[in-house]
Amino acid sequence: MIKQNYPLLAHNTFGIEATAACFIEYKSVAELRKLIAAGQIKSPFLHIGGGSNLLFTKDYDGVILHSNIGGIEITAETDEEVTLRVGAGVVWDDFVAYCVERRWYGAENLSLIPGEVGAGAVQNIGAYGVEVKDLITNVETVNIDGVERVYPLGECMYAYRNSIFKRPEMKNIFVTYVNFRLSKKEHYTLDYGTIRKELENYPEVNLETVRKVIIKIRQEKLPDPKIMGNAGSFFMNPIVPRTQFEALQKEYPEMPFYELEDGRVKIPAGWMIDRCGWKGKALGPVAVHDKQALVLVNRGGAKGADVIALSDAVRASVHDKFGIDIHPEVNFI
Ligand code: EPU
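If you use our numbering, the sequence shown corresponds to residues 433 to 765, in order.
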């Protein structure tokens, strides 16, 4: 599908009105290669996923690409595990539901994360103690010259909300399929926040009940983009040296934190924004969500510039109060 002057409202969960000069959707690697060979993918171009981590700051004067590559295929199976090849255009939560239904363990904590499989592998989506890198075996790609390359997990350079695919020089590389390994052995990751406590409301712990609990926790804190435009967490949680953390902890003993393996400490930006008094506050058509201060919401009719104005004000407050710079997780286009 190739469309000119295409409205992007349905392609960004923030609900920002913007137009792409050209919008192209493909549903197979063969179609993508044909588009490349026909010279349809001219610079500037931008490959999007479900649009759940994007902020359009103006109309896009180039080609926006979107993958509709579908399919979940079993590539190997033993008594212990299963490996799966999943199209980049598969809706992430459909994939999680598919795994839960078949009693395959590993993806359940990532229930209800918006977006698609390909973008999930680019962004290293994560929640409740699990990151998608924990499940990935390799990522299949095609570059702008039509050359296919598989990146084994070790080459993907995964880190918190980051991967090799986010580097500017990788802009010419499109994820086509992601390969995952899930376990058939019963195991869960239940130590984050209130998961264990919520599970007490169910007769047993199984994949269905864990998925239900994760969905409940998300729905209580995170606004539904169909009702109120948003892009999930707007900022990343900052990672600071231990000395800086210890100094802050003296002043704020109740501050939540997560210790990283390398000795540094991750501090929840949502907690700091909340402490700055921003929760539920609006600036024009954009507000800090009243149940989760890490989320900015479009109250209706917001433009990218309105979101940036609130983002800048929040960042300045956090810097003044805590001496920490926080950075958007959302990509500004
Ligand atoms: N907190 C507050 N006030 C707030 C928000 C949070 O005090 O307004 C406190 C909470 O009480 C808790 C701590 O901050 O002690 C962390 O909050 P939460 O568990 O809600 O997680 P988060 O750090 O704010 C991250 C991810 C989310 C993910 C959750 C659960 C990032 C940028 N965000 O949020 O991911 O769902 O952990 O794992 O890492 C996303 O990326 O879009 C996203 C939603």
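Positions of the beta carbon are idealized from the N, C-alpha and C atoms, including for glycine. Just so you know, these numbers come straight off a predicted model, no measurement behind them.
Short Cβ contact (9 Å threshold) for residue i with residue j
i: leucine 639; j: glutamate 540; result: yes
i: threonine 445; j: glycine 664; result: yes
i: alanine 553; j: isoleucine 480; result: no
i: lysine 617; j: tyrosine 537; result: yes
i: valine 461; j: isoleucine 434; result: no
i: valine 579; j: phenylalanine 597; result: no
i: alanine 453; j: glycine 494; result: yes
i: arginine 593; j: asparagine 556; result: yes
i: leucine 497; j: valine 762; result: no
i: valine 518; j: asparagine 611; result: yes
i: lysine 723; j: glutamate 630; result: no
i: isoleucine 758; j: proline 670; result: yes
i: leucine 728; j: alanine 701; result: no
i: glycine 736; j: alanine 508; result: no
i: arginine 429; j: isoleucine 605; result: Because the chain here runs from 433 to 765, residue 429 falls outside it and cannot be looked at.
Nearest neighbour of residue i, chosen from the options [CA to CA]
i: methionine 668; options: Leu516, Trp703, Tyr438, Asp694; result: Trp703
i: lysine 698; options: Leu715, Asn556, Arg674, Asn570; result: Arg674
i: lysine 713; options: Asp491, Ser743, Asp526, Leu486; result: Ser743
i: asparagine 575; options: Val645, Leu467, His721; result: Leu467
i: alanine 734; options: Leu441, Met433, Ile434; result: Leu441
i: serine 475; options: Lys603, Pro546, Glu509, Ile671; result: Lys603
i: histidine 619; options: Ala591, Arg581, Val562; result: Val562
i: valine 645; options: Lys658, Met660, Gly661, Asp623; result: Asp623
i: glycine 732; options: Met660, Arg747, Arg581; result: Met660
i: glutamine 472; options: Gly482, Ser749, Ile456; result: Ile456
i: phenylalanine 666; options: Ile705, Pro584, Leu585; result: Ile705
i: isoleucine 506; options: Tyr530, Pro685, Trp524; result: Tyr530
Rounded distance between the beta-carbons of residue j and residue i, thought under 8 Å
i: threonine 641; j: tyrosine 634; result: 4 Å
i: arginine 643; j: serine 543; result: 5 Å
i: tyrosine 609; j: alanine 520; result: 6 Å
i: threonine 515; j: threonine 569; result: 6 Å
i: valine 720; j: tryptophan 710; result: 4 Å
i: valine 522; j: valine 549; result: 5 Å
i: arginine 707; j: lysine 753; result: 7 Å
i: proline 439; j: proline 546; result: With a Cβ gap of about 20 Å, proline 439 and proline 546 do not count as contacting.
i: alanine 748; j: glycine 716; result: Not a contact, Cβ separation roughly 16 Å.
Limits of the alpha helix (DSSP H) - the one that residue i falls within
i: isoleucine 480; result: From DSSP, isoleucine 480 is part of no alpha helix (DSSP H) but of the beta strand (DSSP E) over 477 to 480.
i: tyrosine 530; result: 524 to 533
i: lysine 629; result: 627 to 631
i: glutamate 457; result: Where glutamate 457 is concerned, there is no enclosing alpha helix (DSSP H), although the beta strand (DSSP E) it sits in stretches over 451 to 458.
i: glutamate 463; result: 461 to 469
i: serine 743; result: 736 to 754
Closer than 8 Å: residue i CB and nearest the ligand NAP heavy atom
i: methionine 660; result: Within the structure as shown, the ligand NAP is missing, the only ligands being the ligand EPU.
Where the beta strand (DSSP E) containing residue i begins and where it ends
i: glutamate 505; result: 504 to 509
i: threonine 569; result: 568 to 575
i: histidine 498; result: 492 to 499
i: lysine 435; result: 434 to 439
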